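Heads up, the sequence shown is in the numbering used here, so the first residue is 730 and it goes up one at a time. Beta carbons are placed, not taken as given, at the ideal position from N, Cα and C, and that holds for glycine. The structure displayed is predicted, hence computed values, not measured ones. Data block below; observations after.
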Amino acid sequence: MKPAAEQLQRERPMTTTQNSFPGLSRRGFLLGSAGVAISAGSIKLATPAIAQNAPLRVGFMLPYSGTFAKLGKFIDDGFRLYVEQQGGALGGRRIEFVQVDDESKPETATDNMNRLVGREKVDLVVGTVHSGVAMAMVKVARDTNTTLIIPNAGVNEATGPMCAPQIFRTSFSNWQVCQPMGKVMFDAGHRNVVTITWRYAAGEQMTGAFKEGFTKAGGKVVEDLALPFPEVEFQALITRIATLKPDAVFAFFAGGGAVKFVKDYAAAGLNKTIPLYGAGFLTDGTIPAQGLDAAGIKTTLHYADNLDNPANTAFLSAFKAKTGQDGDIYAVQGYDAAALLAEGLKATKGDWSARPQALSAMRAAKIDSPRGPMSFNKAGNPIQNVYLREVRNGKNELVSIAGASVDDPARGCRA
Ligand code: BEZ
């Protein structure tokens, strides 16, 4: 993979309109220079006509390399698919893209985000996958009043204490998709469970939410196992599980790490004796690589491959036609990020300078998603069904609804 700067340069559209209308730059206005402020004010009346000639610049800050590379690519593909289906424009406004590979590295996240917002002057940012990277993005989005749509990372704070009117998520909170699994596993008869994950925000919050639901139901977590992100040397921890002999295991891994964990678990023979459960990322988009080792794994997520609704059927066939691959939750979340932006741009007829009106329309949006109905809470997190799925016939098949219209508590959000 190319270094981020080179990648960004390579992907920069040839017909960029960057700096064509500097007086219209929202960030120029925020910088507080008197000259800019005056010209922004005087240009304001002409804004809609001018703005609609210039494409809206969408910054994609996603992992295009590393263990989450496929997740980032599918989000990107899903977003572009939606835009293509609308003829390349949302609310009549053409869209252009600027990409940055964030490599799922929190240490470079602030610089990457600042580059998109400052140097590239994007109108909004879509990203990312990794909870730690997303936290840095949320801070910059708040400091610079930039619109941010998070198409995966579940870090609770983004729609909790760090919530802001210009921050949205089309994915889930880490709490939302895992808390319902506690009751599911207790009802299945499990009483003593081991959790295993990567040691970072997503892993800690997902296993914490599972534990909250499981202990409330009456179960006990006998040990929490973890290794640093993105390590995949699972052997010592798998040996520890074999020693502890719990009734079941709850796991969060995703992407390449999930493929390796599921295969190692099966290679140790534990899939025959200790049932493996998890957040749906353990088997979403990974089954072709996991093969039969994934068979029978039960997970909770806000999507299942065989959801029988017209939006899902149409999405899966369009995604296959575009990419030659089967869509998954990441592609759905990217697709829905574009659908959400479309709601904002429709409300303003493509005029992003009327951003407050666009943001209100986005908060009030009701999206007919492939996942089922999706609306948004006051913090910008989706209200959505959480499904229990089981890997059967090489798919994450729907078993039941583990939680209907689950709303994240948005703890600490003062919206
Ligand atoms: C996260 O870091 O929030 C995350 C990464 C991959 C899948 C799901 C969540």
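Inset, instruction - Give the DSSP-derived three-state secondary structure of ASN1174 in the structure shown. - result: In the structure displayed, the chain extends from 730 to 1144; residue 1174 sits before or after that span and is not available.
Inset, instruction - Identify the continuous beta strand (DSSP E) that holds VAL950 and give its terminal residues. - result: Its beta strand (DSSP E) spans residues 949 to 956.
Inset, instruction - Write down the C-beta distance between GLY795 and GLU825 rounded to the nearest angstrom, noting that I regard them as a contact closer than 8 Å. - result: At roughly 26 Å, the Cβ-Cβ gap does not stay under 8 Å, so GLY795 and GLU825 are not in contact.
Legend entry - Among ARG1084, LEU1045, ILE1016, nearest to ASN1125 - alpha-carbon criterion: Checked all of ARG1084, LEU1045, ILE1016; the closest Cα to ASN1125 is ILE1016.
Inset, instruction - Find the nearest neighbour of ALA1131 within the set THR1077, ASP993, PHE939, ASP1065, judged by alpha-carbon distance. - result: Checking every option, the nearest Cα to that of ALA1131 belongs to PHE939.
Inset, instruction - Could you tell me if the beta carbon of VAL884 falls within a distance shorter than 8 Å of some heavy atom in the ligand BEZ? - result: Yes, the Cβ of VAL884 comes within 8 Å of a heavy atom of the ligand BEZ.
Inset, instruction - Quick one: using the 10 Å Cβ neighbour count with 16 as the cut-off for buried, is ASP830 buried or exposed? - result: When all chains shown are included, ASP830 counts as buried.
Legend entry - Inter-residue spacing [alpha-carbon to alpha-carbon] between PHE943 and GLY1079: The alpha-carbon atoms of PHE943 and GLY1079 are separated by roughly 46 Å.
Legend entry - Contact check, ASP1029 vs GLY1014, beta carbons under 9 Å: It should be pointed out that residue 1029 corresponds to Thr in this sequence rather than to Asp. For THR1029 and GLY1014, no; Cβs fall outside 9 Å.
Inset, instruction - Output the boundary residues of the alpha helix (DSSP H) element that contains SER1089. - result: Per DSSP, the unbroken alpha helix (DSSP H) holding SER1089 starts and ends at 1084 to 1092.
Inset, instruction - Classify ASN841 as buried or exposed, calling it buried when 16 or more other Cβ atoms lie within 10 Å of its own Cβ. - result: Burial call: buried.
Inset, instruction - Express the C-alpha separation of SER1082 and ASP1034 in angstroms, rounding to a whole number. - result: Spanning the two alpha carbons is a distance of roughly 38 Å.
Inset, instruction - With a threshold of 8 Å, establish whether the CB of HIS859 neighbours any heavy atom of the ligand BEZ. - result: For the ligand BEZ, at least one heavy atom lies less than 8 Å from the Cβ of HIS859.
Legend entry - Limits of the alpha helix (DSSP H) - the one that THR1052 falls within: Boundaries of the alpha helix (DSSP H) around THR1052: 1039 to 1052.
Legend entry - Member of THR1077, SER1089, ALA1040 whose CA lies at the smallest distance from the CA of ILE1096: Checking every option, the nearest Cα to that of ILE1096 belongs to ALA1040.
Legend entry - Backbone secondary structure at ARG1143 - three-state DSSP: DSSP places ARG1143 in coil when its eight states are reduced to three.
Legend entry - ASN1122 classed as buried or exposed, judged by whether at least 16 other C-beta atoms fall within 10 angstroms: With fewer than 16 other CB atoms across the displayed protein chains lying within 10 angstroms of its CB, ASN1122 is exposed.
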